[in-house]
Every structure is written in structure tokens, then in C-alpha cells.
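In our numbering, the protein residues as written are 327 to 791.
Don't be surprised by glycine CBs; every beta carbon is placed ideally from N, CA and C.
I have placed the structure first, in the form of C-alpha cells, so that the comments after it can refer back to it.
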Amino acid sequence: MLIYLLKGKSYFCDMAKSKTIFYCQSCGAQHSQWMGKCTRCGEWNTIAEEVVEKETKSYTWQKEIDKTPVLFNVLEIPSSGEQRIVTGNNELDRVLGGGLVQGSVSLLGGEPGIGKSTLLLQLALQLTHIRVLYVSGEESASQIRMRAERIGMQSEQCFILTETNVGKILQHAQRIKPDLMIIDSVQTLQSDYVESGPGSVSQIRESAMEMIKFAKKTQVPVILVGHITKEGVIAGPKILEHMVDVVLQFEGERNHLYRLLRAQKNRYGSTHELGIFEMVGEGLREVLNPSEVLISAKDSALSGNAVAATLEGIRPMLIEVQALVSTAVYGTPQRTTTGFDTKRLNMLLAVLEKRAGFQLASKDVFLNITGGIRVDDPAIDLAVVAAVLSSYENVALPDNACFAAEIGLSGEIRPVNRVEQRIHEAEKMGYDIIFVSKFNKIKTSNYNIRVETAGTVGDIFRLIF
Numbered sequence: 327m328l329i330y331l332l333k334g335k336s337y338f339c340d341m342a343k344s345k346t347i348f349y350c351q352s353c354g355a356q357h358s359q360w361m362g363k364c365t366r367c368g369e370w371n372t373i374a375e376e377v378v379e380k381e382t383k384s385y386t387w388q389k390e391i392d393k394t395p396v397l398f399n400v401l402e403i404p405s406s407g408e409q410r411i412v413t414g415n416n417e418l419d420r421v422l423g424g425g426l427v428q429g430s431v432s433l434l435g436g437e438p439g440i441g442k443s444t445l446l447l448q449l450a451l452q453l454t455h456i457r458v459l460y461v462s463g464e465e466s467a468s469q470i471r472m473r474a475e476r477i478g479m480q481s482e483q484c485f486i487l488t489e490t491n492v493g494k495i496l497q498h499a500q501r502i503k504p505d506l507m508i509i510d511s512v513q514t515l516q517s518d519y520v521e522s523g524p525g526s527v528s529q530i531r532e533s534a535m536e537m538i539k540f541a542k543k544t545q546v547p548v549i550l551v552g553h554i555t556k557e558g559v560i561a562g563p564k565i566l567e568h569m570v571d572v573v574l575q576f577e578g579e580r581n582h583l584y585r586l587l588r589a590q591k592n593r594y595g596s597t598h599e600l601g602i603f604e605m606v607g608e609g610l611r612e613v614l615n616p617s618e619v620l621i622s623a624k625d626s627a628l629s630g631n632a633v634a635a636t637l638e639g640i641r642p643m644l645i646e647v648q649a650l651v652s653t654a655v656y657g658t659p660q661r662t663t664t665g666f667d668t669k670r671l672n673m674l675l676a677v678l679e680k681r682a683g684f685q686l687a688s689k690d691v692f693l694n695i696t697g698g699i700r701v702d703d704p705a706i707d708l709a710v711v712a713a714v715l716s717s718y719e720n721v722a723l724p725d726n727a728c729f730a731a732e733i734g735l736s737g738e739i740r741p742v743n744r745v746e747q748r749i750h751e752a753e754k755m756g757y758d759i760i761f762v763s764k765f766n767k768i769k770t771s772n773y774n775i776r777v778e779t780a781g782t783v784g785d786i787f788r789l790i791f
């Protein structure tokens, strides 16, 4: 309200005031005023003021689609399975649970330069039997064409749109009527119904909501690309990951060739599957047999190397564990790991010192999982212990041996699930012996590979050395 004087009389001028809301940039919570700490997520200095404006939302594409009933009896809902679009990319289909579900919304996150745009462009060009709309808000059409030429793939069913306005994107989608829509990225989208800039919490939430409405009403699957913050989480409000159906994480070291695709959330399948890709000059190549590429070739036997039989979802594979044990130069010994949990390594070293009598308190221990991948399977504990003992004794392990067991705090070797698949994978890769827990209920005579069982860490040391 503005008050001013004219010829001795006072006048009132009612000026429109923009509505502002304080959003937490970490979790998306709304606050009535600015605060230093978010009361929901507990993060500091994440609350920012954003200008919003409420209007009646009525996009053109919504007017042309008949409204469907929103009230159902649970017994009247048809029990037919989800209709999926098979992408033809075996690794991607495995992580998705068999393909893209019609009407689903997937969110793909990853570090900058990891290959998110390359993966989705390959997907768009590979699907020649359906119509794909690829929307890019970060690259021009000529840049996308250069990447397509580098990949060496062409498709007459792939349409490129360089646009960030949500209303215009949905109008083009209604005109083209695609079978799949890819948005790169959701942080660049901008809705006319929110006054804040692109990338803000309100813009990301509003744009994602419109994309979800479009996908559910038209049964067109939508893939959204999400940026990653320095903490390694998808930028924007946390509610974004709750809104979508599938959350995919594309990860890997930029200095390594291999990229890993994991599902952090999947309403239509398992979240334990893993897809492996190799970054080459022509794009991303599927790694159908990861056991062959994750085991490094050696001319001679070296100490500190052990092979573990692990599982990622239902997929068995062999990985190589490398350990280096040396005398600590400084007062406090170092514990450094790559691809393995440092706290779990400290626990295994404490078990070796307490239960087996190895003096490791004054030793530097470095552990590495080859290939740049990260493994959380506890079945690689025995391989880690074997690699550490091999480096400690400076004695190489047999080249034809692998390990699959978990180590307990009392030094016992605990059984792991689905040990039969691990044994078959080691047998297929040409290994002659595998060490497992004696508490696994298996018949060792059923395999062409020799199965050695042990009950404690001391038994393993006597069997190997």
C-alpha cells in the first residue's frame, strides 16, 4: 500500500505485490520466513526466497485429452501387466526390469561428463521402430548432430527440439505424438506459471509435475536428466525423486573406462541390478561379460591380488581385489580404499589382529577394487582378507583361486546367499578352486571346480599359505 499527498489530500494506491515463498534448496520444504537452518532436513544456509504466482494451468495438450475417471474399485482394476518398450540395450533393460514402462517417468542422474547425454542419445537413435522426441536445453541442434555422427548411428524416427519452455515442449509433443520423450535436463526447464529462474526449487517441481501429468495421461514414457550437486545427490528438491517412478544413477570414475548404471528406485522392478558400460570413442559400449574385463591380465604372479565372486542383483561376476601392506612412515597408519568401505576394511584388519595374531596396527593398508567400480557385497570380505595377508607375507596367491565368503567379528567365515551361482561363474571363467564357508549347505561333488571350505580366518591362512 502506497500513500502520497496531492493538494493537501491523501490518496491510497494499491500496488500488486508478488508472492514470495522461502524454499529449502536441499529438501524443498516451504517456510514462511528466512531461517539459517532448515527445520525439516537440518541443512544450513539452504533456504532461498523465490517469487511464485498462482494461475489456472490449462495447457493446450490437456484440452485435447479426455479426462479419465479418478475413482476406481480395487476389484474392478484390470490386472494386466505393464506394457514395456524394449530398448534393445541389454544393460539398460536389465536395470529397468525389462524395458521402459508406458506412462512412466524416469530420472537419470550423474556427474558432469560421465556420459548421460551420450547414453540417452544412443537410446534415441537405436529405437528406430518408435518415434522419439529428444528435448535438449543445454546443447544446440548442431552439437547433438556432431555427437550423433561420432556415435555413428542414424534414425529417421528421432526428432530434436532445443527448447526450455514447458508449454512449448508439450505443444510440440502433442503435435509430433512421440512414443518416448527425453528431457536433457530438468534443471533447464522453465514454466510460465512460476516467476523464479530455471533451476530453482519451484521451477524444477512445477516442470517435473507437468511432465508427469503428460506421461500419465498420454502413456508416453518420459526420461528426465538430472544434475548432480557436489555432495553427489540430484540437484533440486528431494521431492523430485519421490514424484518420479524410476531413479537411475550413472556413476564411474572419469579416469576409468567403465560406467555403472544403478537403480536407486524402481516401482516396476528390482533396485539391485547393475548395468556396465565401457566408454569408447564411438560412445558407450555394453559390457555383457564383466568378469572378463574386471580381471586384469598379469604376466607373473604378484602378491596382494585376489579374485572375489560377487553378485549384483541376479548377475554373478568376478572382480579383482588389490591390497598393499607397508610399514607406516608416520605415526598414524593410513587406511585408504577405492571402491570399498573404509570402515569395513578397518573391521577386517581388527579381526585379523585380534583373532589371527597378525600385527597390522603399525602398517599402512591400501585397498583397490579394479575397474573403478564400487562393491557393497559382504561376500568379498574373504578376498579382501586374502589379498591383505598375501601382501603382508609377500606371497602371491594361486592364479586359479577365487573367494566368496563373509567375515564375522569373531573371525568365523560366514556363508553367503546364492553361493551356487558364484561357484558356477568361477567355473565358467576357468578357475580351478574356490574358497567358501563350510556352513554353506552345498554338495562340493556337483561341480567341476574344487570347492574348499573353511570355518575361520586361521583355516584360510593354513589352506593358502
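Member of K769, Q685, F576 and E646 whose CA lies at the smallest distance from the CA of I440:
Ranking the options by Cα distance to I440, first place goes to F576.
Based on DSSP bridge pairs, tell me the residues matched to E417.
Partner(s): none; E417 has no beta bridge.
Just list the residues that DSSP pairs E732 with in beta bridges.
R740
If you reduce the DSSP assignment to three classes, tell me which class Q356 lands in.
strand
Is the stretch 407–423 touching the stretch 526–543, taking contact as three or more C-beta pairs under 8 Å?
no
Name the DSSP bridge partner or partners of V461?
L487 and I509
DSSP three-state call for S688: helix, strand or coil?
coil
Among I502, R740, G354 and S432, which residue has its Cα nearest to the Cα of V783?
R740
Alpha carbon to alpha carbon, how far is K591 from K754? Give it in angstroms, no decimals.
32 Å
Given this structure, state the Cα-to-Cα distance separating S792 from A730, to the nearest angstrom.
Residue 792 cannot be examined here, being either before or after the span of the chain that is shown, 327 to 791.
For E464 and S511, what's the separation of their Cα atoms in angstroms?
7 Å
If we call anything under 8 Å between Cβ atoms a contact, is T646 one with T696?
Just to set this straight, residue 646 is Glu in the shown sequence, not Thr. Yes, Cβ-Cβ distance for E646 and T696 is below 8 Å.
I'd like to check one pair, M535 with M507: are the Cβ atoms closer than 8 Å?
no
Just the Cα atoms here: how many angstroms apart are H750 and N774?
9 Å
Runs of alpha helix (DSSP H) wholly within the stretch 668–717 (minimum 4 residues, chain order):
If one requires a minimum length of 4 residues, the alpha helix (DSSP H) runs lying completely within the stretch 668–717 are 668–681, in chain order.
6 Å CB neighbourhood of F692 in its chain, flanking five on each side removed:
L650 and T662
Could you check the C-alpha separation between G558 and D518 for me, to the nearest Å?
30 Å
Just reading off the alpha helix (DSSP H) that P616 is part of, what are its end residues?
P616 to L620
Three-state secondary structure (DSSP) at G562?
coil
Quick check on the burial criterion: 16 or more other C-beta atoms within 10 angstroms. Buried or exposed for F603?
buried
Burial state of Y656 (16 or more Cβ within 10 Å)
exposed
Would you say I790 and R776 are within 8 Å of each other, going by their C-beta atoms?
Judged by their CB atoms, I790 and R776 are not nearer to each other than the 8 Å cut-off.
Would you tell me roughly how many angstroms separate the C-alpha atoms of I502 and T454, rounded to the nearest one?
16 Å
Since I560 contacts R531 with CB under 8 Å, what's their CB separation in whole angstroms?
At roughly 13 Å, the Cβ-Cβ gap does not stay under 8 Å, so I560 and R531 are not in contact.
Does DSSP put Q428 in a helix, a strand or coil?
coil
Please identify the residue among A450, A654, V551 and G354 whose C-alpha is closest to the C-alpha of G414.
A450
Going by the DSSP bridge assignment, what does F576 pair with across the sheet?
According to DSSP, F576 shares a beta bridge with G436 and L587.
Tell me whether D707 counts as near the ligand MN, meaning its Cβ is closer than 7 Å to at least one heavy atom of that ligand.
Among the components modelled here there is no ligand, and therefore nothing to report on the ligand MN.
Cβ-based neighbour list, R681, same chain, cut-off 8 Å, excluding 5 preceding and 5 following
For R681, the CB contacts under 8 Å within the same chain, skipping 5 residues up- and downstream, are S736, G737, T782, V783 and G784 in chain order.
Could you check what DSSP says for A467 in three-state terms: helix, strand or coil?
helix
Looking at the structure shown, is T636 part of a helix, part of a strand, or coil, going by DSSP?
strand
Within 10 angstroms of the Cβ of F398, are there 16 or more other Cβ atoms? Answer buried if so, exposed if not.
exposed
Just checking my contact of I477 with Q448 at CB under 8 Å: how many whole Å lie between their CB atoms?
6 Å
Rounded to the nearest angstrom, what separates L550 and A654 at their Cα positions?
Each residue's Cα considered, the two are about 48 Å apart.
Cα-Cα separation, G368 to E375
18 Å
Which value, in whole angstroms, describes the spacing of the CA atoms of Q545 and D571?
13 Å
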